[in-house]
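This report refers to the structure that appears directly beneath it.
There are 2 protein chains.
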Amino acid sequence: MAVSFNSPGTLMIHKLESIFSLADEEKQAIEELPIQVVDLKSGQDIVRIGDHPTQSCLVLAGFTCVYKLTSEGKRQIMTLHVPGDIPDLQSLHLNVMDMSIASISPCTVGFIQHENLRDLCERYPRIGIAFWRETLVDASVYREWLLSVGQRDAYPRMAHLFCELLMRLKAVGLVDDNTFELPITQADLADATGITSVHMNRVFQALRADGLIQTQGAQVTFPDWEKLKEAGDFDPLYLHLERASAA
Amino acid sequence: MAVSFNSPGTLMIHKLESIFSLADEEKQAIEELPIQVVDLKSGQDIVRIGDHPTQSCLVLAGFTCVYKLTSEGKRQIMTLHVPGDIPDLQSLHLNVMDMSIASISPCTVGFIQHENLRDLCERYPRIGIAFWRETLVDASVYREWLLSVGQRDAYPRMAHLFCELLMRLKAVGLVDDNTFELPITQADLADATGITSVHMNRVFQALRADGLIQTQGAQVTFPDWEKLKEAGDFDPLYLHLERASAA
DNA sequence: CGAATCCTTGAAACCTGTCAATAGCAGTGG
DNA sequence: CCACTGCTATTGACAGGTTTCAAGGATTCG
Chain A
1 MAVSFNSPGT
11 LMIHKLESIF
21 SLADEEKQAI
31 EELPIQVVDL
41 KSGQDIVRIG
51 DHPTQSCLVL
61 AGFTCVYKLT
71 SEGKRQIMTL
81 HVPGDIPDLQ
91 SLHLNVMDMS
101 IASISPCTVG
111 FIQHENLRDL
121 CERYPRIGIA
131 FWRETLVDAS
141 VYREWLLSVG
151 QRDAYPRMAH
161 LFCELLMRLK
171 AVGLVDDNTF
181 ELPITQADLA
191 DATGITSVHM
201 NRVFQALRAD
211 GLIQTQGAQV
221 TFPDWEKLKE
231 AGDFDPLYLH
241 LERASAA
Chain B
1001 MAVSFNSPGT
1011 LMIHKLESIF
1021 SLADEEKQAI
1031 EELPIQVVDL
1041 KSGQDIVRIG
1051 DHPTQSCLVL
1061 AGFTCVYKLT
1071 SEGKRQIMTL
1081 HVPGDIPDLQ
1091 SLHLNVMDMS
1101 IASISPCTVG
1111 FIQHENLRDL
1121 CERYPRIGIA
1131 FWRETLVDAS
1141 VYREWLLSVG
1151 QRDAYPRMAH
1161 LFCELLMRLK
1171 AVGLVDDNTF
1181 ELPITQADLA
1191 DATGITSVHM
1201 NRVFQALRAD
1211 GLIQTQGAQV
1221 TFPDWEKLKE
1231 AGDFDPLYLH
1241 LERASAA
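Residue numbers (this note's numbering), protein chains in the order written: chain A, 1 to 247; chain B, 1001 to 1247.
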């Protein structure tokens, strides 16, 4: 599959630079991180609940997700990851996985050993803090999803998710003309929003009928950002995308 | 109100020692943290979404919660804090609050300046990592709640919340004989589980009828832990309560 | 050009929400 | 000590958003 980066480290640098300017030395240390690149089909587990990982993964292309199952086998997807995200940074300090991570589209990921990441954090404390910050933003996303699933109807919930994806994908340059590729099943999106795939399909139809989305294969277009934002009750504050101004 | 700790720092030390053994020097540094203790009535905001706090708060007694509102005014409570928790440790590295924190029962909290916390993290990196870890556990709790709200019916959802509270309160010595004080309204618990207060009341009645809980004023007793755990589909893994074994 | 997967539809059942009103309880003031 | 006030718990009937079940199309890809 097409991969849109030079070296894996470049993506990470791009992400960190949205928070603060990296010194050349820091950039070099990141570029030199040993990263094992792997291609995955859709629907493959990357780490499973209960595991004790010794590495973290960086999404290079495609989408991954965090999910958990109830004892009845119902699946809740808790967040989606886009290129540049590091889904299981948390395993750096929590030695048991309390969630599973899987590819949710064909994707490319890079594995980085924990020892290398820890070393990086020690040598460049600002990077360590940036990683901490990343995990805090993850938590913020969980909170917003919780608000959606707990208090918003299915229709605004999906609109909200589209808004989030649009903003996050835009931040990594994967949006062209209010359009992006979303090779994710309606059934998977249903698991992400806590509704049934049948109902998700009805929500899709309603969103199309209202002119909020247009779909063409895996491609989704958003003709009216303002209307979508309103429908999704969307406020991007929780994504913490703006460059952090010093405290 | 009754407050069950010697110095505010003692609680924090107790919490950190559940993760790793603190050196005397570290303990002393924590004890010496300037902490401003404040008593709050129930329902008072401690920080609000949009704020740029310069301090974090430590719960000393009672319960606080994290919540967000939809534009329609619906409230979702995202987590409850028990004594020993530091609800907004995240504001140390995320300068805008993306959530609000409020007291949800009469409570006592201690405020600690960010500069003091940052200084502590720098001088004692292990404490910094422990704080990071705390925020990771917070995130894990959000995930589990997301699973509950998204995939479990109201009844098991509430049973699950009771299980969580029982374990967390036990960890700070606030459970006696499978009983603890929960001075929280059914309406608030409804907001925490994403259901209506009317429906929460019906869930309470069902839980009582099934012998899973007994209530007496603000006191809740759990006659059958095993049955409660099963009803709530509860697995404590996500709380990461066991002492971390080195990676 | 199958085979598998994914999308779409319809009708009925179900959980949960809404509305509105009553009961219970704690704290306050006379 | 009792009436009063305000909040919390409880009920009942009904509406509504979602789920379930089941089956028929549409697509994609080897």
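Glycine included, each C-beta is placed from N, C-alpha and C at the ideal position.
All figures in this text were calculated on a predicted structure; none of them were measured in a lab.
In this structure the stretch 102-118 of chain A does not lie against the stretch 1038-1057 of chain B, because fewer than three pairs of beta carbons, one per stretch, are closer than 8 Å. Judged by their CB atoms, B:W1145 and A:L146 are nearer to each other than the 9 Å cut-off. At a cut-off of 9 Å between beta-carbon atoms, B:S1018 makes no contact with chain A. Listed along chain A are D233, each with a C-beta nearer than 7 Å to that of B:S1071. B:S1071 carries a coil assignment under DSSP once its states are collapsed to helix, strand and coil.
By the rule that beta-carbons nearer than 9 Å mark a contact, A:A171 does not touch chain B. Taking the Cα of A:G84 as reference, the smallest distance to any Cα among A:M99, A:L60, A:L69 is reached at A:L60.
DSSP, read as helix, strand or coil, puts B:D1039 in strand. Just measuring C-alpha positions, the residue of B:D1177, B:F1162, B:K1068 sitting nearest B:I1184 is B:F1162. In the three-state reduction of the DSSP assignment, B:S1197 falls in the helix class, which pools H, G and I.
In the DSSP assignment, the residues bridged to A:H81 are A:T64. Excluding its 5 nearest sequence neighbours in each direction, A:P156 has C-beta neighbours in its own chain below 7 Å: A231, G232, D233, listed in chain order. When Cβ pairs closer than 8 Å are counted between the two stretches, the stretch 9-24 of chain A is seen not to touch the stretch 38-49 of chain A, the count staying below three.
In the three-state DSSP reduction, A:V220 falls in the strand class (E or B). No Cβ of chain B is located within less than 9 Å of the beta carbon of A:Q186. By the Cβ-count criterion, B:G1050 is exposed, with fewer than 16 other Cβ atoms from all chains shown falling within 10 Å of its own Cβ.
CA-CA distance, B:I1086 to A:S148, rounds to 25 Å. Contact annotation: the stretch 1213-1223 of chain B touches the stretch 1175-1184 of chain B, with at least three C-beta pairs closer than 8 Å. At a cut-off of 9 Å between beta-carbon atoms, B:Q1113 makes no contact with chain A.
Exclusion of the five residues before and after A:H81 leaves V59, T64, P87 as the residues of its chain whose Cβ lies within less than 6 Å of its Cβ. The alpha-carbon of A:M97 is positioned some 16 Å away from that of B:W1132. For a Cβ distance threshold of 8 Å, nothing in chain B lies close to A:R48: the least Cβ distance comes to about 12 Å. At the C-beta level, B:T1135 and A:A192 stay beyond 9 Å of one another. Annotation: the stretch 149-180 of chain A contains no complete segment of the beta strand (DSSP E) (minimum length 3 residues).
Taken through DSSP and simplified to helix, strand or coil, A:Q44 comes out as coil. Runs of the beta strand (DSSP E) spanning 3 or more residues and lying entirely within the stretch 1074-1138 of chain B occur at 1075-1081, 1100-1103, 1107-1113, in chain order. In this structure, A:I13 is the residue among A:I13, A:Q36, A:K41 with its C-alpha nearest to the C-alpha of A:A29.
A distance below 6 Å between beta-carbons, with the five flanking residues on each side excluded, links A:H160 to the following residues of its chain, in chain order: S148, G232, F234. Counting the other Cβ atoms within 10 Å of the Cβ of B:S1091 gives 16 or more, which makes it buried.
Taking a C-beta distance under 9 Å as the contact criterion, A:S7 and A:E26 do not qualify as a contact pair.
The beta carbon of A:A206 is closer than 8 Å to those of Y155 in its chain, skipping five residues each way along the sequence. A:Q214 and B:T1070 do not touch by the CB rule: their CB atoms are close to 26 Å apart, not below 8 Å. With fewer than 16 other Cβ atoms inside 10 Å of its own Cβ, B:S1197 counts as exposed.
Its Cα nearest to that of B:L1165, the residue B:K1229 stands out among B:G1009, B:I1112, B:K1229. The alpha carbon of B:H1199 has as its nearest neighbour, out of B:P1034, B:G1211, B:Q1186, the alpha carbon of B:Q1186.
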